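Asker: Here the sequence shown is numbered in my numbering, starting from 2 and rising by one per residue.
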Amino acid sequence: QLVSAPLQPSVAPGYEYKIGGLAFDRSNNLWLSNAHTLAALKVKKANNSWATYNLGGNAPTSSILYKLISDDLNHIWLSVIGKGIAVLNPENGSSRLLSNIYNQGDLPNLNVRAMACDHNGEMWIGTDDGIRIFSPGQIFSNANVNGQKIIIKNADGHNELLLGETMITDIEVDGANRKWISTMGNGVRLVSENGRDIIYSFTAENSPLLSNIVYCIGINQENGEVYFGTALGLVSFRAEATEAGNSFGEVYAYPNPVKHDYKGVITITGMAKRSTIKITDVSGNLVYETESLGGQAIWDGKKFDGNRVQTGVYLIFCTNYDASETVITKILFIN
2 QLVSAPLQPS VAPGYEYKIG GLAFDRSNNL WLSNAHTLAA LKVKKANNSW ATYNLGGNAP
62 TSSILYKLIS DDLNHIWLSV IGKGIAVLNP ENGSSRLLSN IYNQGDLPNL NVRAMACDHN
122 GEMWIGTDDG IRIFSPGQIF SNANVNGQKI IIKNADGHNE LLLGETMITD IEVDGANRKW
182 ISTMGNGVRL VSENGRDIIY SFTAENSPLL SNIVYCIGIN QENGEVYFGT ALGLVSFRAE
242 ATEAGNSFGE VYAYPNPVKH DYKGVITITG MAKRSTIKIT DVSGNLVYET ESLGGQAIWD
302 GKKFDGNRVQ TGVYLIFCTN YDASETVITK ILFIN
């Protein structure tokens with residue numbers, strides 16, 4: 002059923018309709034930002050009715066509205082270029098502006114280009130001068146709110162900010178709750194769940210990345226492939242993590258059998274969230290143990306001592322995070 006949207010034209014000359022962002026919330030309501038109007042936010046509810054929200058001075062009619070995202074509490078986060086982030090609580094219509102003022106957000110820059118809600122409900126914010134993390138539950142319950150800085154160890158062992166004052170263009174979360182971060186001129190980083198470890202650092206100089214100017218990232222959560230939109234075109238990378246459910250799917254390993262000339266990794270797919278994987282020989286001797294990355298795990302075919310396993314059948318025991326479910330599959334090595 003088609004329903005006319007109550008969009009408003011811009012108050013600026015030309016009367017154009019300016020939509021800056023679209024996002025579904027957890028209740029399947031579609032939100033959109035309608036820039037240069039008296040009501041910056043519009044929502045098409047699941048029952049096909051519409052509502053509008055005026056954010057007042059937090060998103061004035063002169064504002065450029067950019068990204069839009071919903072958190073796990075159904076708060077709506079709207080990046081307002083030059084002002085920061087306007088956060089709306091749709092339940093009571095209240096809103097709050099997160100800016101560069103201490104105790105009012107403490108953003109490193111008022112231009113917010115990237116926002117992502119991770120699997121723990123934390124909001125990762127990318128600005129023209131670096132990254133901050135917010136806990137949505139504190140936005141309307143605490144008077145003083147500041148973005149969390151991510152401190153990492155550099156190559157010399159000294160503390161520094163993750164990506165420093167780099168301009169962040171996009172942040173995407175993979176199936177293992179790791180963060181892919183693209184930059185304007187500094188390539189791409191994959192960081193751990195908490196951001197304190199850099200797993201991959203891709204640039205045009207050390208990888209097939211076409212350009213260090215990367216505008217956006219897209220992830221195929223089913224197979225782990227990550228796409229990078231760069232200044233010189235699109236390129237992809239097959240990563241290890243996929244989306245996982247609370248229960249096991251069809252668990253299997255590939256390639257299977259593993260032949261003598263195969264030098265790549267073995268993928269074990271169909272994992273439940275946070276599964277533990279133990280690999281044994283048919284006599285029950287443990288040869289390897291790991292944890293899943295989202296919906297799959299990888300193994301290089303080597304034992305704990307670094308030597309490749311011998312010819313034979315190996316059992317793969319997969320147990321979910323609370324040990325309530327275990328699935329077993331097999332793999333054959335031919336050396």
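Glycine included, C-beta positions come from ideal geometry on N, C-alpha and C.
This one's a predicted model, so the numbers in the text were calculated from it and none came from an experiment.
1. Could you compute how far the alpha carbon of N286 sits from the alpha carbon of L99?
2. Identify the continuous beta strand (DSSP E) that holds G313 and give its terminal residues.
3. Check whether chain D comes within 7 Å of V88, counting only Cβ atoms and requiring the distance to be less than that.
4. Going by Cα to Cα distance, which pick from N224, L56, A242 and L233 is closest to V192?
5. With distances taken between CB atoms, is the gap from G296 to G176 smaller than 7 Å?
6. Given G94, which residues of its chain have a CB within under 8 Å of its CB, disregarding the five upstream and five downstream residues?
7. Apart from the five residues just before and just after I200, which ones in its own chain have a Cβ nearer than 7 Å to its Cβ?
8. DSSP three-state label for I151, please.
9. Pair every Cβ in the segment 253 to 271 with every Cβ in the segment 233 to 240, then say whether three or more of these pairs are closer than 8 Å.
10. Under the criterion of a Cβ to heavy atom distance below 6 Å, does K150 qualify as lining the ligand MG?
11. Only counting the same chain, and skipping five residues up and downstream in sequence, which positions put a Cβ closer than 6 Å to that of G21?
12. With distances taken from CA atoms, which of V314, Q311, I280 and D306 is nearest I299?
13. Sort out for me which residues DSSP pairs M1 with in a bridge.
14. Count the other CB atoms within 10 Å of the CB of T312; is the residue buried (16 or more) or exposed (fewer)?
15. Count the other CB atoms within 10 Å of the CB of I332; is the residue buried (16 or more) or exposed (fewer)?
16. What does the alpha-carbon distance come out to for the pair G83 and S64?
17. How far does the beta strand (DSSP E) with A189 in it extend, from its first residue to its last?
18. At 3 residues or longer, what runs of the beta strand (DSSP E) sit wholly inside the segment 207 to 278?
19. Check each candidate in P256, A117, D119 and A87 and name the one with the smallest Cα separation from G106.
20. Rounded C-beta distance between C319 and I278? I'm assuming under 8 Å.
Answerer: Taking the geometry as given:
1. Approximately 55 Å, taken between the alpha carbons.
2. G313 to T320 is the span of the beta strand (DSSP E), which, as asked, contains G313.
3. Note that chain D does not occur in the displayed structure, where there is just one protein chain.
4. Looking at the Cα atoms, A242 is the closest of the given residues.
5. Going by C-beta atoms, G296 is nearer than 7 Å to G176.
6. Answer for G94: Y54, listed in chain order.
7. So the list reads R179, L191, V192 and S193, once near-sequence residues are dropped.
8. Per DSSP, reduced to three states, the secondary structure at I151 is coil, with no helix or strand assignment.
9. As far as the Cβ criterion goes, the segment 253 to 271 does not touch the segment 233 to 240, which means the pair count is below three.
10. Among the components modelled here there is no ligand, and therefore nothing to report on the ligand MG.
11. Within the same chain, G21 has close Cβ partners S34, A36, L66 and Y67.
12. Ranking the options by Cα distance to I299, first place goes to I280.
13. Since the first and last residues shown for the chain are 2 and 336, residue 1 lies out of range.
14. Label assigned to T312: exposed.
15. By the neighbour-count rule (16 or more Cβ atoms within 10 Å), I332 is buried.
16. Roughly 8 Å separates the two Cα atoms.
17. Looking at the sequence provided, one finds Val at residue 189 rather than Ala. Counting along the chain, the beta strand (DSSP E) containing V189 begins and ends at V189 to V192.
18. Within the segment 207 to 278, complete beta strand (DSSP E) segments of at least 3 residues are found at 215 to 220, 226 to 231, 234 to 239, 253 to 255 and 267 to 270, given in chain order.
19. Answer by Cα proximity: A87.
20. Contact flag correct, Cβ pair sits at about 5 Å.
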